[in-house]
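Take the position in the sequence shown, starting the count at 1, then add 7; the result is the number in this note's numbering. Using N, Cα and C, we set each Cβ at its ideal position, and we do this for glycine too. Every value quoted in this text rests on a predicted model; they were computed, and no experiment measured them.
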Amino acid sequence: MQVEREHYPLLLAISASLFCTPLMVAGINAVLPELARGIGAGATELSLIGTLYSLGLAIFQLASGSLGDIFGHRRLFLAGAILFGISGAVLGFLHSIPVFLLLRLAQGIGGAMLSASGLALIAACAPPEKRPIYLGISGGAVYAGIACGPPIAGLVTGLLGWRWLFWGSALGIACVFMLMKYSVAQDWRPSARQKFDWQGCLLYSVAMIGLTAGAPVMAENALAGWSCLAVCLVFLIIFCIRELGCRFPMLNLKLLARNRVLSLSSLTAFVNYASFFGLTFYFGIYVQVGKGLSVEMTGLVLALQPLTQALTTPLASRLCLAWSAGAISSLGAALCGAGLIAGAFLNIDTPLWVMFLAQALLGSGMSFFALGNTAIIIESAGKKHIGQASALTGAVRTSGQLCSMVVITLTLSLFLGNQPVSLAVMDGFITSMHLNLAIFGVLNLAAVFTSLTRNRVVKKIRQ
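Structure below.
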């Protein structure tokens, strides 16, 4: 089944953006020790580089769905490209840690606008019978970006320095902006007369900020840390109450309550991404500091997992068309859980092939899970709610990633304090990695249960 010719420019522009943004994120994870030395960041600040980017994504994913429905997803995509590109360009010049972290937050917001609007455009334009193909192409671009990120980052950092990663990302997104602006005419604007839920957006933002602040603050003051997490919970409850009574909600909770397939798929995605996201952070430091590999070799080693994802995505697309998207996503969740459990047994003297096995399981598992689960979410929401479903897909992914980094930040703070990650503190780092991967692995296997429950609901509906 071929892609419609008229959709070539759209798919190319969106796939290019989905390649560039994760390439940047995966690349940064691969060279964190070099970056830390460049700006003088400690262990907690180092983890915040990824956490604040995820916070920007989490805050603006839901908002991007509503804003795209109101103003047009193509227009929002262009705005996101501008914000992401400018933030990246400025980051390459910075030496101040607070300003660096603030711009990483802004870059995350730009990334949320790109991903939410891009997915909505693809889902709206793709013929239903070809949607797994379109999603497979865009998903393959994401995994290719993640795969290329570590080796490119290692090569660029080794030759030119880590700052060129940010300047290069700005140039790449500038090309994406030009491609979308001058080659794509399609847009999707189903709710032009709808008002944006600013109050809901503010409540959700405060909740996510409380969640992000809880872990690093807890390392210094337990009472203050738990207070931040309590703020998160309270504001999430207020947000949900408001959304239930809002005429134009940012998140349609009534749709989730009525649609068990959508709600179970979203819950499964949250657990899966929360379990999976922190692995690259741990593996990057493990092989570079613990195993003593060069930054260039670290990039090549970390590329195995996303490379596996990119190579198995076409297979996942065909299996979803020929078999069942629900069964494929359940298989993917099980493979991810097995990979995380394998990673929990790594030590300094463990052969690298054990880590390669964990990466291969996770790579194939994520391609199977993400494609099948996303296809079910889009299909179950219906054409009228494609914008919200696309935003929800991104929101559960990024909020799960944020929870993952919060847990990692808290664990590292408990075992290392704010000491720089070095060979002298590797025992504490390895203990932290074991604890987190074991917890994440068990949680991810629990996601298999919710996925299978969702599959039974789908089967009943079709009968």
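- In this chain, the alpha helix (DSSP H) harbouring W171 covers 170–190.
- Check the Cα spacing between T457 and each of L269, S301, I415, I46: the tightest is with L269.
- For the pair Q312 and P321, the Cα-to-Cα distance works out to about 16 Å.
- Take the alpha-carbon of E52 and the one of R12: they are about 47 Å apart.
- Counting of Cβ neighbours within 10 angstroms places I248 among the exposed residues, the total staying below 16.
- Given a length threshold of 4 residues, each whole run of the alpha helix (DSSP H) inside the segment 316–363 is given here in chain order: 332–350.
- Following the DSSP letters along the chain, one finds C132 inside the alpha helix (DSSP H) bounded by residues 104–132.
- Just so you know, the alpha carbons of G435 and I46 end up roughly 23 Å apart.
- Taken atom to atom, the span from the alpha-carbon of R254 to that of D204 is near 9 Å.
- Under the DSSP assignment, Q408 falls in the alpha helix (DSSP H) whose first and last residues are 393–423.
- Under the criterion of beta carbons closer than 8 Å, L62 and T219 qualify as touching, at roughly 5 Å.
- Under the DSSP assignment, R81 falls in the alpha helix (DSSP H) whose first and last residues are 80–98.
- Listed in chain order, the non-local C-beta contacts of G99 below 6 Å within the same chain comprise R170, F173, W174, local neighbours out to five positions each way being set aside.
- By the C-beta density criterion, V191 is buried, having at least 16 other C-beta atoms within 10 angstroms.
- The continuous alpha helix (DSSP H) containing F26 extends over residues 15–37.
- Boundaries cannot be given for R196, as no alpha helix (DSSP H) includes it and DSSP labels it neither H nor E.
- By the CB criterion at 8 Å, T28 and P157 fall outside the cutoff.
- Taken atom to atom, the span from the alpha-carbon of L286 to that of A351 is near 10 Å.
- For K261, the enclosing alpha helix (DSSP H) covers residues 260–265.
- A residue is called buried once 16 or more other Cβ atoms fall within 10 Å of its Cβ, and P105, having fewer, is exposed.
- Taking the C-beta atoms as reference points, T319 is found nearer than 8 Å to S374.
- Between G152 and L25 the beta-carbon gap is near 7 Å, inside 8 Å, which marks them as a contact.
- Secondary structure of E136 (DSSP, three-state): helix.
- In the structure shown, A65 adopts helical secondary structure according to DSSP, grouped into three states.
- For the segment 205–259, not one full-length beta strand (DSSP E) segment reaches 3 residues or more.
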